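So the protein sequences, as listed, match chains R and F.
Residues 474 to 636 (our numbering) make up the first sequence, in order.
Residues 474 to 636 (our numbering) make up the second sequence, in order.
Backbone N, C-alpha and C fix where the C-beta goes; we use that ideal spot for every residue, glycine too.
All of these numbers come straight from a predicted model, not from anything done at the bench.
There are 2 protein chains.
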Amino acid sequence: MVSKLSQVDKRELEEALAQNGLRATRQREHVYSVLMGQRDHPTADEVYARAKEAMPSISLATVYNCLETLVECDLVKRLSYEREPSRFCPNDGDHAHFLDEQSGRVFDIVLPESFVREMTQVLPHGFEAKKVKLSFTGYAPKDKAVETRVPQDSTPKQTAPTQ
Amino acid sequence: MVSKLSQVDKRELEEALAQNGLRATRQREHVYSVLMGQRDHPTADEVYARAKEAMPSISLATVYNCLETLVECDLVKRLSYEREPSRFCPNDGDHAHFLDEQSGRVFDIVLPESFVREMTQVLPHGFEAKKVKLSFTGYAPKDKAVETRVPQDSTPKQTAPTQ
DNA sequence: CACTAAATTGGAATGATTCCAAAAATCAAT
DNA sequence: ATTGATTTTTGGAATCATTCCAATTTAGTG
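Here you go:
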């Protein structure tokens, strides 16, 4: 699972960092490679765990910092669902997310370019969108083999469940 | 500022609660009326503060419970932005949200019905969306007097409902 | 190599939200 | 109405993802 960053990805990262006046560091590169190497939607903690495999000295605070940086540089998307820690995925062009209520899985939904353009057109004159987030919740087809897990929330509500 | 719930709204609330097997309580009605009475996007804390004006005995935990209940009943939308407490707004049909990065204000963006229909069409076959969330982040026009959230220590004043 | 600004680090602090167990309120059936 | 079963409310404690902090290390520049 120790996947290095491709030359292309590495350059893309360095460029994006430079563009934002940020430095290229071992940790940033490594966190990015962790995300690129396993394309699901891990939490910061999970990224931390994965990152430590090849870089045991990295700290949780740094993982948070790096993730934040990557999001700022628009190399990574952050998704947050209620009651759950943020999840991160490398930004592979415009896509939405679909959370399957039954399985807790998250699916990437590719968005046609034309639709992305249309999305910003619903804004009244004068609004300038820097980021757009589209997310669905509902039922995904049972047989879909796509990835990712958002653990099902089995926490009982305040009131005890019947029986 | 003490706005009662209209008969229509009250019935709608009671029906929605009944439909979900939940009881109609003073607190739930009051929290709902607080949200309906000032159409911005308050946090739970802000709702708590407003609710206490007319019902000083209500607790923060209850406000959280009520808000959760209202969201479940689909009478209220919950918006959550990174690094910020959830915000709530009464659910007035399909609309997106726009967060102005500079002022922190949230604007409701009306969505044409045709667009709402199109949104669900980006889903691959087999995906059934129960909820869709569209949210923008960026710069809003400075002069827009549209719906905003109220800064914590401002004197409560009448806000004209949007749309 | 030396300097300066930026980044990393571990641990402590934060704060929105949830949990808990007791008290109160609601609803249904007497 | 009264009772009884169930839900809801409540205050305070607990949780836990995330941020903050001050000290150390590192990257980039000349």
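If you measure from the beta carbon of R:P614 to each beta carbon in chain F, is any gap under 7 Å? For the purposes of this step, residue 614 of chain R is taken as residue 141 along the first sequence, with counting starting at 1. Yes, R:P614 counts as interfacial toward chain F.
Inspect the beta-carbon positions of F:V520 and F:V536 and report whether they are closer than 7 Å. By 1-based counting over the second sequence, the position of residue 520 of chain F is 47. By 1-based counting over the second sequence, the position of residue 536 of chain F is 63. Contact: yes.
Tell me whether the beta-carbon of R:K603 lies closer than 7 Å to the beta-carbon of F:G611. Reading the first sequence from its first residue, position 130 is the one you call residue 603 of chain R. Reading the second sequence from its first residue, position 138 is the one you call residue 611 of chain F. For R:K603 and F:G611, yes; Cβs fall inside 7 Å.
Could you spell out the range, first to last residue, of the beta strand (DSSP E) harbouring R:K604? As a first step, residue 604 of chain R is located in the first sequence; it is residue number 131 there, counting from the start. Element bounds for R:K604: 601-612.
Measure the CB-CB distance between F:F600 and R:A569 and report whether it falls below 7 Å. Within the second sequence, numbered from 1, the residue matching residue 600 of chain F stands at position 127. Within the first sequence, numbered from 1, the residue matching residue 569 of chain R stands at position 96. Not a contact, by the Cβ cut-off of 7 Å.
Beta-carbon proximity of F:R567 to F:L584, cut-off 7 Å: Along the second sequence, one-based indexing puts residue 567 of chain F at 94. Along the second sequence, one-based indexing puts residue 584 of chain F at 111. For clarity, residue 567 of chain F is Asp in the given sequence; the question names Arg instead. Cβ atoms of F:D567 and F:L584: closer than 7 Å.
Within 7 Å of chain R by C-beta, residues of the region 536-559 of chain F in sequence order: Answer set for the region 536-559 of chain F: N538, R551, S553, E555.
Considering only the beta carbon of each residue, do F:A517 and F:V504 sit closer than 7 Å? Position 44 of the second sequence holds residue 517 of chain F. Position 31 of the second sequence holds residue 504 of chain F. In this structure, F:V504 does not lie closer than 7 Å to F:A517 by Cβ.
Neighbourhood of R:H514 by C-beta distance below 6 Å, restricted to the same chain and skipping five residues each side: Along the first sequence, read from residue 1 onward, the residue named residue 514 of chain R stands at position 41. Result list for R:H514: R560, C562, V579, T621, in chain order.
Residue from R:L533, R:L543, R:N538 with nearest C-alpha to R:D482: For this step, residue 482 of chain R is matched to residue 9 along the first sequence. Taking only the C-alpha atoms, the option nearest R:D482 is R:L543.
Quick check on F:L552: does DSSP put it in helix, strand or coil? By one-based count along the second sequence, residue 552 of chain F stands at place 79. In the structure shown, F:L552 sits in a strand (DSSP, three-state: E or B).
Beta carbons nearer than 8 Å to chain F: which residues of the region 595-613 of chain R have them? V595, L596, P597, H598, G599, F600, E601, A602, K603, K604, V605, K606, L607, S608, F609, T610, G611, Y612, A613
By a C-beta neighbour count over all protein chains shown, 10 Å radius and 16 as the cutoff for buried, is R:T632 buried or exposed? For the purposes of this step, residue 632 of chain R is identified with residue 159 of the first sequence, where counting begins at 1. Only weak support is given to the placement of R:T632: the predicted model assigns it a pLDDT of 32, under 50, and the value that follows is read from those uncertain coordinates. Residue burial is scored here from C-beta neighbours: R:T632 has fewer than 16 other C-beta atoms within 10 angstroms and is therefore classed as exposed.
Which residues mark the beginning and the end of the beta strand (DSSP E) in which F:D616 is found? Taking the first residue of the second sequence as 1, we reach residue 616 of chain F at position 143. Counting along the chain, F:D616 sits inside no beta strand (DSSP E), nor does DSSP assign it H or E at all.
What's the gap between the Cα of F:F571 and the Cα of F:K477? Taking the first residue of the second sequence as position 1, residue 571 of chain F is located at position 98. Taking the first residue of the second sequence as position 1, residue 477 of chain F is located at position 4. Just so you know, the alpha carbons of F:F571 and F:K477 end up roughly 29 Å apart.
For F:H568, which beta-bridge partners are listed by DSSP? Taking the second sequence and counting its residues from 1, one reaches residue 568 of chain F at position 95. F:H568 is bridged by DSSP to F:V583.
Scan the region 498-523 of chain R for residues whose Cβ lies nearer than 7 Å to a Cβ of chain F and list them as they occur along the chain. none
In chain R, what lies closer than 9 Å to F:I582 by C-beta? In the second sequence, residue 582 of chain F corresponds to position 109, counting from 1. Those within 9 Å of F:I582 in chain R are V595, L596, P597, F600.
Would F:F561 count as contacting chain R if we go by Cβ distances under 7 Å? For the purposes of this step, residue 561 of chain F is identified with residue 88 of the second sequence, where counting begins at 1. It does not; no Cβ of chain R falls within 7 Å.
Skipping 5 residues on each side, what residues in its chain have a beta carbon closer than 8 Å to that of F:A489? Here the question's residue 489 of chain F lines up with position 16 in the second sequence. The answer, listed in chain order, is C546, D547, L548.
Please determine, among R:A491, R:N564, R:S587, R:E555, the residue with the shortest C-alpha to C-alpha distance to R:K581. What you label residue 581 of chain R is simply residue 108 of the first sequence in a count that begins at 1. The amino acid at residue 581 of chain R is misidentified as Lys; the sequence shows Asp. Considering only alpha carbons, the answer is R:N564.
Taking the straight line between their C-alpha atoms, what separation do you get for F:V605 and F:L596? Taking the second sequence and counting its residues from 1, the one referred to as residue 605 of chain F is at position 132. Taking the second sequence and counting its residues from 1, the one referred to as residue 596 of chain F is at position 123. The alpha-carbon atoms of F:V605 and F:L596 are separated by roughly 11 Å.
At the level of alpha carbons, what is the spacing between F:E541 and F:M509? Within the second sequence, numbered from 1, the residue matching residue 541 of chain F stands at position 68. Within the second sequence, numbered from 1, the residue matching residue 509 of chain F stands at position 36. Taking the straight line from one Cα to the other gives about 16 Å.
Does DSSP put F:C546 in a helix, in a strand, or in coil? In the second sequence, the residue the question calls residue 546 of chain F occupies position 73. In this structure, DSSP gives F:C546 a state outside helix and strand, which the three-state scheme calls coil.
Against chain R, which members of the region 477-500 of chain F pass a CB distance test of less than 9 Å? none
Same chain only: Cβ atoms within 6 Å of F:Q493, ignoring 5 sequence neighbours per side: Within the second sequence, residue 493 of chain F is the residue found at index 20, counting from 1. With the sequence shown as reference, residue 493 of chain F is identified as Asn, and Gln is not the correct amino acid for it. C546, listed in sequence order.
Between F:E574 and F:Y554, what straight-line distance do the alpha-carbon atoms span, to the nearest angstrom? Start at 1 with the first residue of the second sequence, and residue 574 of chain F comes out as number 101. Start at 1 with the first residue of the second sequence, and residue 554 of chain F comes out as number 81. Straight-line Cα distance between these residues: approximately 11 Å.
Name, please, each residue of chain F whose Cβ falls closer than 8 Å to the Cβ of R:A569. Taking the first residue of the first sequence as position 1, residue 569 of chain R is located at position 96. Here the neighbours are V595.
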